[in-house]
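Visitor: Before anything else, here's the structure in question.
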Amino acid sequence: MKKLTTKKKVTLASLAVMTTGVITIYSSYTDASHPVEAKQIKISDTTNVAEKKLPNIKILATGGTIAGTGSTSTQTTGYQAGVLTPDQLIEAIPEIKDIANIATEQVSRIDSGTSNTNAVMVQLAKEVQKELDNPECDGVVITHGTDTMEETAYFLNLTVHSDKPIVMVGSMRPSTSISADGPLNLYNAVALAGSKDAKGKGVMISMNDKIGSARDTYKTNTTNVDAFNNPELGSLGIIQGGKAYFYSMPIKKHTTESEFDIRKITEDNLHRVDIVYSHANDDRVMVDAAVATGAKGIIHAGTGNGSIHEKTLPGLQDAVKNGVVVVRDTRVPEGMVTHEQIDIDNRFVNSGNINPQKARILLMLALTKTEDSNKIQKYFNEY
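Residue 225 in the numbering used here sits at position 111 of the sequence shown, with consecutive numbering throughout.
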């Protein structure tokens with residue numbers, strides 16, 4: 115090795131970045147006449163530690179109360195829905211950018227209780243599928259009005275093919291209201307969509323710190339912020355402190371297991387399906403009206419365990435003879451409709467434990483495959 119014969123400055127760096135956030139620079143010369151120099155440089159936390167990779171979440175906005183505004187801070191009814199853009203919603207939650215990389219898109223701007231249609235749901239489902247097909251997208255959040263959220267959620271659950279998280283979120287109070295629930299609901303929804311634990315759970319509804327399944331969760335209150343529940347089956351889990359905790363799993367077929375594919379469905383594929391509610395002194399008038407207007411399916415929301423009034427039964431029997439598929443359901447919010455002899459004798463489809471509005475969604479999709487009541491019964495058993 116060649117011997118150093120001239121004064122040369124030698125610099126060494128001692129790295130203790132991960133524990134102290136400091137780099138120490140030591141400088142000395144090749145002869146002993148110069149002292150060792152030490153200089154410490156503090157490195158900011160944002161550059162000294164490898165940053166955690168945030169999930170890429172797409173927010174698709176469709177309007178609803180969560181984007182609504184009222185004339186006063188105490189107005190919680192009679193407000194205008196769908197006013198704010200998704201970017202405006204995010205601006206109200208600065209912390210949301212700490213948990214995800216967010217992109218937004220305004221898909222529609224409607225009041226879900228007055229303006230939701232098959233066309234709106236098909237368009238939304240196709241947009242969700244497109245986003246999830248992008249390998250850079252880790253999950254999708256849909257802001258939606260609460261009036262028909264459970265129906266849209268179930269439609270997506272049956273037609274979108276992806277195991278990535280799909281989260282529906284809304285609010286019961288407009289953005290201008292005192293104690294508006296929208297901002298925290300949206301924050302939780304983004305946290306849920308970015309959670310690895312949410313993968314493969316199907317479409318979820320995130321409201322009031324709860325994680326509900328698209329199939330089983332429904333609106334249980336007209337105005338209360340705790341409006342989405344399933345008192346009998348419970349929730350999939352909860353969200354606390356921006357973290358999702360799961361305690362159960364959906365077991366019925368959904369998303370990647372579904373035979374219904376939004377990439378092959380158009381609005382024109384979806385036949386008319388009507389819901390007819392039973393009551394004391396009922397008759398066949400509403401059933402006949404549904405058939406006359408071109409319904410290919412009827413959901414009969416009967417009393418009790420799907421009971422059918424004696425004056426209504428002949429109308430439903432005639433509907434089946436005319437090629438209309440009849441599903442025997444119940445207007446009661448809890449419990450299942452059991453399979454009975456009346457179903458066998460009349461070729462009625464038994465709904466099981468899904469409510470009439472969700473039975474309508476499933477029957478609409480089933481009719482894109484078959485009009486055979488036995489095959490449709492199989493769909494109701496599996497989904």
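Just so it is clear, CB atoms sit at the ideal spot from N, CA and C, and this is done for glycine as well. From a predicted model like this one, the values you see are computed outputs, not experimental measurements.
(1) Nearest-angstrom Cα distance between residue 229 and residue 491?
(2) Quick check: the segment 257–272 against the segment 467–480, are at least 3 beta-carbon pairs closer than 8 Å?
(3) Identify the continuous beta strand (DSSP E) that holds residue 281 and give its terminal residues.
(4) Roughly how many angstroms lie between the CA atoms of residue 193 and residue 179, to the nearest whole one?
(5) Select from 168, 415, 308, 462 the residue whose C-alpha is nearest the C-alpha of residue 255.
(6) Look at the alpha carbon of residue 515 and the alpha carbon of residue 278, and state the distance between them as a whole number of angstroms.
(7) Across the segment 225–242 and the segment 202–215, are there enough close Cβ pairs to call them in contact, namely three or more that are closer than 8 Å?
(8) Do residue 291 and residue 303 have their beta-carbon atoms positioned less than 7 Å apart in this structure?
(9) Take residue 458 as the anchor and find which of 389, 487, 318, 167 has the nearest alpha-carbon.
(10) Less than 6 Å separating the Cβ of residue 296 from some heavy atom of the ligand SAM?
(11) Report yes if the CB atom of residue 404 is closer than 7 Å to the CB atom of residue 388, and no otherwise.
(12) Helix, strand or coil for residue 490? Go by DSSP, reduced to three states.
(13) Throw me the rounded Cβ distance for the residue 345 and residue 252 pair, which I believe falls under 8 Å.
(14) Taking just the CA atoms, how far does residue 241 sit from residue 232?
(15) Under 6 Å Cβ to Cβ from residue 364, same chain only, skipping five residues before and after it: list those, please.
(16) Could you pull out every residue in the same chain whose Cβ sits closer than 6 Å to the Cβ of residue 447, ignoring the five residues on either side in sequence?
(17) Is residue 327 helix, strand or coil by DSSP?
(18) Looking at residue 414 and residue 517, is the spacing between their C-beta atoms short of 7 Å?
(19) For the alpha helix (DSSP H) containing residue 391, list its first residue and its last residue.
(20) Go ahead and label residue 436 buried or exposed: buried means 16 or more other beta carbons lie within 10 angstroms of its beta carbon, across all protein chains shown.
Guide: The answer reads as follows:
(1) Their backbone Cα atoms lie some 30 Å apart in a straight line.
(2) Contact between the segment 467–480 and the segment 257–272 is present, because at least three Cβ pairs lie under 8 Å.
(3) In the DSSP assignment, residue 281 falls within the beta strand (DSSP E) that extends over 280–283.
(4) Between the alpha carbons of residue 193 and residue 179 lies a gap of roughly 8 Å.
(5) The residue with the shortest Cα to Cα distance from residue 255 is 308.
(6) No answer is possible for residue 515: it lies beyond the span of the chain, which begins at 115 and ends at 497.
(7) Contact between the segment 225–242 and the segment 202–215 is absent, because fewer than three Cβ pairs lie under 8 Å.
(8) It is not a contact, given that the beta carbons lie outside the stated cut-off.
(9) Among 389, 487, 318, 167, the Cα nearest to that of residue 458 is on 487.
(10) The ligand SAM is absent from the structure shown, which contains no ligand whatsoever.
(11) yes
(12) For residue 490, the three-state secondary structure derived from DSSP is helix.
(13) Residue 345 to residue 252, Cβ: 32 Å. No contact.
(14) Between residue 232 and residue 241, the C-alpha separation is close to 14 Å.
(15) 316, 327
(16) none
(17) strand
(18) Outside the displayed range of the chain (115 to 497) lies residue 517, so it cannot be described from this structure.
(19) Looking at the DSSP string, residue 391 is not in any alpha helix (DSSP H); the run it does join, the beta strand (DSSP E), is 387–391.
(20) exposed
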